[in-house]
Amino acid sequence: MDTQSIVDVLMSDVSLLSCDRVNSVKGSHGSLSVAVLHAANRIVDSLLSGSDARINNTNTPDIPLDGIIREGVDAAMECGATPSNAALVTAALLYLTGTGSRVGVPASNRKLGAMARMHAGAEPSGVAVIPTAK
0 MDTQSIVDVL MSDVSLLSCD RVNSVKGSHG SLSVAVLHAA NRIVDSLLSG SDARINNTNT
60 PDIPLDGIIR EGVDAAMECG ATPSNAALVT AALLYLTGTG SRVGVPASNR KLGAMARMHA
120 GAEPSGVAVI PTAK
């Protein structure tokens, strides 16, 4: 779809009594879907440009995957996603593209979720933050 088609869809049958459509797209219940799409676009651009999305076990501070994660996290946060949501979205999208979840060594800086949280500036977490019925 071109830009004009998107604008036509957004502006079709607009009630001037409410700005519900605008509010739902950014900053409300629809903002996470916009963040997901924006992060997905950035990740695909990085992959199509030849970036390596594998987690590898190298003794270097950065691996090529760090750049892809940074792109995805930044894109999600540009659309209003919180750091933890930006990390989750980016890690999930990369996992769906075939990136492994960890390299095989017990190093926290070589796990997909931990790398995404570090780039997003989100707090470290684990099963302790999963809400329960209690």
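For the sequence shown, the positions run 0 to 133 when numbering that gives the first Met the number 0 is used.
For glycine and all other residues, C-beta sits at the position ideal for the given N, C-alpha and C.
L111 is positioned such that its CB atom lies no closer than 8 Å to that of I42. Cβ contact annotation for A80 (same chain, cutoff 6 Å, sequence separation greater than five): A34, in chain order.
Contact annotation, P63 with S50: C-beta distance approximately 6 Å; criterion of less than 8 Å satisfied. Per DSSP, the unbroken alpha helix (DSSP H) holding T89 starts and ends at P82 to L95. Assignment of R116 by DSSP, reduced to helix, strand and coil, places it in the helix class. Around the C-beta of S45, 16 or more other C-beta atoms lie within 10 Å, and the residue is accordingly described as buried. The bridge partners DSSP lists for R101 are K110.
Residue state for I54 is assigned as coil, using DSSP reduced to three classes. Bounds of the alpha helix (DSSP H) holding I68 are P63 to E77.
Note on geometry: alpha-carbon atoms of D1 and N56 lie some 42 Å from one another.
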